[in-house]
Amino acid sequence: GWLGIMWNMECCCKRSKHEIFDNEAKDLEREVCFIDIACDEIPERYYKESEDPKHFKSEKTGRGLLKEGWRETHQPIMCSYKLVTVKFEVWGLQTRVEQFVHKVVRDILMIGHRQAFAWVDEWYGKSSSQN
193 GWLGIMWNME CCCKRSKHEI FDNEAKDLER EVCFIDIACD EIPERYYKES
243 EDPKHFKSEK TGRGLLKEGW RETHQPIMCS YKLVTVKFEV WGLQTRVEQF
293 VHKVVRDILM IGHRQAFAWV DEWYGKSSSQ N
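Just so you know, our numbering puts 261 at position 69 of the sequence shown, and the rest follows in order with no gaps.
Right, dumping it as structure tokens:
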């Protein structure tokens, strides 16, 4: 058996665009998963209050202290669409392994986007050539 993971990404500022990957995944069974960086639970071992959007407010942008429903009330908002395809073709293990990989990828995306939000003061206003 083998484990193959395909990852595509597109970013834009529209609130919902479910058809964004229609050309890449026409024949695939799909589940759309919304990640709420403020209100979805993350594994306790990864939780840091300093990276919690419910407790963080940016000094440079004024963004922050995200509460339930923040996606409907805050501007600007960025949506990041990711298509993750996992294939693990081993009888008896396929479903478990594929579900596990999807959960781990979701956790990684959740943590990464929470950090990007909470670290905004470190990168806001910098060009891509500045470190």
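We treat Cβ as the ideally placed atom computed from N, Cα and C, and that holds for glycine. Since the model is a prediction, treat every value here as computed from it, not as a measurement.
If you compare alpha carbons, which of the options is closest to residue i?
{"i": "T253", "options": "D313, Q322, S319", "result": "D313"}
{"i": "E233", "options": "W311, K295, Y316", "result": "K295"}
{"i": "G261", "options": "R306, E236, C225, C231", "result": "C231"}
{"i": "S272", "options": "E241, K240, R306, F292", "result": "R306"}
Please classify residue i: does DSSP put it in a helix, a strand, or coil?
{"i": "G317", "result": "coil"}
{"i": "Y239", "result": "coil"}
{"i": "G254", "result": "coil"}
{"i": "K249", "result": "strand"}
{"i": "E202", "result": "At E202, the pLDDT of 49 sits below 50, so the modelled position is not reliable; the number obtained from the coordinates is stated separately. The answer is strand: DSSP assigns E202 an E or B state."}
Determine the extent of the alpha helix (DSSP H) in which residue i is found, giving its start and end residues.
{"i": "F309", "result": "286-310"}
{"i": "T265", "result": "262-265"}
Report back the beta-carbon spacing between residue i and residue j to the nearest angstrom; my notes put them in contact at under 8 angstroms.
{"i": "E290", "j": "F280", "result": "5 angstroms"}
What span of residues does the beta strand (DSSP E) with residue i cover, start to end?
{"i": "K279", "result": "271-280"}
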